[in-house]
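First residue of the sequence shown: 225, per this note's numbering; consecutive thereafter. Virtual Cβ for every residue (Gly too), placed ideally from N, Cα, C. Some notes on the structure that comes next.
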Amino acid sequence: MTDSEIKDEGNLEPTLPFSPRVFSEHLLEWYKLAGRELPWRQTRDPYLIWLSEIMLQQTTVAAVIGYYRRFLMRFPRLTILASAPLEEVIDLWAGLGYYARARNLHATAQELVENRGGEFPQAVDELMMLPGIGRSTAGAIAALAFDQSAPILDGNVRRILCRVFALDELPRSGSADKKLWKWAESLTPQHRTHDYTQAIMDLGALICTPKSPRCDQCPVESLCLARSRNLVDMLPMKTPRKKIPTRHQLALLLVNRERCLIQRRPPNGLLGGLWEFPGFETTQEEPFAAIRQHCAGRRSISEVRLLGHARHTYSHFHLEVDFYRVDLVPYDGIAEGTEQWLPLVDLEQLPLHGAHKKLLPLIGA
Ligand code: SF4
């Protein structure tokens, strides 16, 4: 087998170095014995499958299981999710991260109920028109709920195919992406797509893992070019890390009669709908003056002290937070807009965004 057989320079339709039928048969045999039992696997209900697929984006199965069960207890049907307030959906999502997914779930539920009679479309291109559903998620829903021969290319499958075909390109490049989709399409069988899709997901989760893959237990080892060429540790090729900026923020624990002020972020945009401590970004070098200026005219301060620091990385920036406790001269505090005065002891229950959640242990300092 030569590189030219699988690379097809200048041609983005790569050929296969083995029979797709052999690949899927090996995989399905293995799956019968080793496939995982997961709470969303005993159903063909598109609502349950969609919910699990959205939760599993960028998140591990272990982290998702508890959320999935709690979500279904509160929102057992699409219509119930569609009629719930967005804030409630976000509160139940707290801790799972990537909160745009919660907003998209809610928007999709409303779209389906209002415009499609509460039914999921079956075609991949129609599924892709719904908020938060990309081609791979659409493929998974079509295959798992409707047994259609639709390929998926999530992170696990991307990694498997990069290794099986020994792809020597950055896996997120445009040309690699086209090849990977072509391979995914070619390998996906016409029948038993439901099982095949779960099998390839399980292969990525259990055998062809990012680190230390278990090649000696792999059902497609005999077909894998990375294995035969001793390239497993080098593939997929690593995308160089992007440099992202660092932002600095002062966050305030404003305390008034054993209650502190918290506020909910607007529903759309970054970290939409999550709770946070009041705060502001500043380049001012004198934080105490900045805090007094921030409170001026609204609240009288009796004492300010630094509680500590936290750093959190979001996808596009690092956030460094200096956290100050600001004791106010007691007054009948009125919360404005999305603000709320909350007993200090209740803070643990609150769905704060990641950076501010890291501040909680500092409160007792
Ligand atoms: S042989 Fe190894 S690298 Fe190749 S698909 Fe199997 S686990 Fe992954």
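By Cβ distance, which residues of its chain are closer than 8 angstroms to residue i, with the 5 residues on each side in sequence left out?
i    : result
R382 : P395, L404 and P460
T417 : A367, D371, Q372, S373 and A374
V348 : R359, A362, G363, A366, Q372 and A374
S228 : Low per-residue confidence applies at S228: pLDDT is 38, beneath 50, and the placement is therefore not dependable enough to give any value.
What is the DSSP secondary structure of residue i, counted as helix, strand or coil?
i    : result
H577 : coil
F299 : coil
R359 : helix
I525 : strand
G535 : One point to set straight first is that residue 535 is Arg, not Gly, in the sequence displayed. The answer is strand: DSSP assigns R535 an E or B state.
G503 : strand
R549 : strand
P437 : coil
M425 : helix
F242 : coil
I289 : helix
I273 : helix
F344 : coil
C448 : coil
T412 : coil
N454 : coil
P511 : helix
Y323 : coil
P491 : coil
Y555 : coil
R516 : helix
M279 : helix
F370 : helix
Q334 : helix
L571 : helix
K396 : The question names Lys, but residue 396 is Arg in the sequence shown. Of the three classes helix, strand and coil, the one that applies to R396 here is coil, per DSSP.
F389 : coil
I365 : helix
L584 : helix
I376 : coil
T284 : coil
A318 : coil
Straight-line CA distance for residue i to residue j?
i    : j    : result
A369 : R268 : 5 angstroms
L427 : C442 : 8 angstroms
Q473 : G503 : 7 angstroms
G578 : H533 : 14 angstroms
R529 : Y548 : 6 angstroms
I424 : A374 : 13 angstroms
S524 : L583 : 24 angstroms
I587 : G561 : 25 angstroms
D457 : S436 : 8 angstroms
Y255 : A326 : 31 angstroms
M352 : I486 : 37 angstroms
R471 : T283 : 26 angstroms
E445 : L272 : 33 angstroms
I558 : S397 : 53 angstroms
A287 : K581 : 17 angstroms
C386 : L449 : 9 angstroms
W565 : D401 : 49 angstroms
T421 : C439 : 20 angstroms
R298 : T507 : 44 angstroms
P567 : R483 : 4 angstroms
G379 : Q281 : 9 angstroms
L498 : G321 : 11 angstroms
T332 : L305 : 10 angstroms
Kindly list the residues whose CB is nearer than 7 angstroms to the CB of residue i, restricted to its own chain and excluding five residues on each side of it in sequence; keep chain order.
i    : result
D315 : P575
P469 : F541
G342 : L302, T303 and L336
L495 : Y323, R489 and H577
R293 : P263
A390 : L449, A450, R453, L455 and L459
L552 : L478, V479, N480, R523, S524, I525 and S526
When DSSP builds the beta bridges, which residues end up paired with residue i?
i    : result
N480 : R483
R471 : L543
W565 : L485
L530 : Y548
Using a Cβ-Cβ cutoff of less than 6 angstroms, which residues in the same chain neighbour residue i once the five nearest sequence positions on both sides are dropped?
i    : result
T412 : S373 and P375
P345 : L351
S539 : none
V313 : A326 and H330
S410 : L240 and P244
R260 : D426
N328 : P355 and G356
D546 : L474 and H533
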